[in-house]
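Under our numbering, the first residue of the sequence shown carries the number 682, and numbering increases by one thereafter.
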Amino acid sequence: MADAEMAAFGAAAPFLRKSEKERLEAQTRPFDLKKDVFVPDDKEEFVKAKIVSREGGKVTAETENGKTVTVKEDQVMQQNPPKFDKIEDMAMLTFLHEPAVLYNLKERYASWMIYTYSGLFCVTVNPYKWLPVYNAEVVAAYRGKKRSEAPPHIFSISDNAYQYMLTDRENQSILITGESGAGKTVNTKRVIQYFAVIAAIGDRSKKDQTPGKGTLEDQIIQANPALEAFGNAKTVRNDNSSRFGKFIRIHFGATGKLASADIETYLLEKSRVIFQLKAERDYHIFYQILSNKKPEL
């Protein structure tokens, strides 16, 4: 997808795919397949280096920081050619190993490209800041696109599941997993947001809406704050950590329009009600009640 085609993503484009200029520069960058490697490092796990010599099962190399190190030969991992830098699907790497994966994720993250494919999976690195990659323009750009036709994104995963549901007439599942603070809750919201937009029932007059409740799409999206109030709390690593699991089912009609949704919750951390670690908090709802910001509570 050229720069002109990426214009459809608007302000999100530089956060989704590297430019043509950057791709061309990478292809002309000097690279020696026999000498350019990764070596272990106490501080950064792995660093780039150039092999100086090999002798008796040991390799001496000079790191990009100018430090000379000697390591065992089986600890040396080959670098991928520069054209693979910031690659969107790590399954396409010539040399697929731990340092190559870490380096690619780090380079993409440094450019605020937080989504990266790894075969069938989409890896997300939490940016801990707001990025303009979820607006209506981006939703429209991903709609109806095959995975290979657009940059990695949770919207692409969502749209593919939706299209498979329509064509195969089979239920689809999206599993979002990761450690605390990885962004599971936020990405779950984005999946729901995407379906609410592309599968909206259409223009409804106000008389068709349930008074005080809004449209079905609104109700599905607005269920999240209520659940988070009773089931989320501040932890050391995450100010809005979900302390329970969610199984969300979104039901669609025969034409692909939203019909209904239901949410099952489980494994709520009940002990948090009476005990929290230092620098952590109880569930949000208790503070919201006592804050008097909503007198009706």
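Cβ atoms here follow ideal geometry from the backbone N, Cα and C, with glycine treated the same way.
All of these numbers come straight from a predicted model, not from anything done at the bench.
Pairing Y823 with A880 gives a Cβ-Cβ distance that is not under 8 Å. In this model, N973 and N746 are separated by some 55 Å (Cα to Cα). Beta-bridge analysis with DSSP links E945 to F928. In the DSSP assignment, A877 falls within the alpha helix (DSSP H) that extends over 865-879. By the 16-neighbour rule on beta-carbons within 10 angstroms, D684 is exposed. Residue ranges of uninterrupted alpha helix (DSSP H) with 4 or more members, entirely inside the region 788-833 and ordered along the chain, are 817-823.
Residue environment: P976 is assigned as exposed (fewer than 16 neighbouring CB atoms within 10 Å of its CB, all protein chains considered).
Closest in alpha carbon position to I929, among V917, I944, T916, is I944. Taking 8 Å as the cut-off, the beta carbon of P763 is found closer than this to the beta carbon of F712. DSSP, reduced to helix, strand and coil, places F690 within a helical segment of the structure shown.
Nearest to V872 by C-alpha distance, out of I902, R735, G937, is I902.
Straight across, the Cα-Cα distance linking F690 with F956 is about 46 Å.
Each residue's CA atom was taken as its position, placing G934 and K927 some 23 Å apart. For T848, the enclosing alpha helix (DSSP H) stretches over residues 835-849. For V806 against L786, the beta-carbon gap comes to about 6 Å, under 8 Å, which counts as contact.
Ranked by Cα distance from R704, the options E736, F765, T749, T741 are led by F765. Following the DSSP letters along the chain, one finds I732 in no alpha helix (DSSP H) but inside the beta strand (DSSP E) bounded by residues 726-736. Burial check for H834: the Cβ neighbour count within 10 Å reaches 16 or more, so the residue is buried. A straight-line Cα-Cα distance of about 44 Å links T749 and T866.
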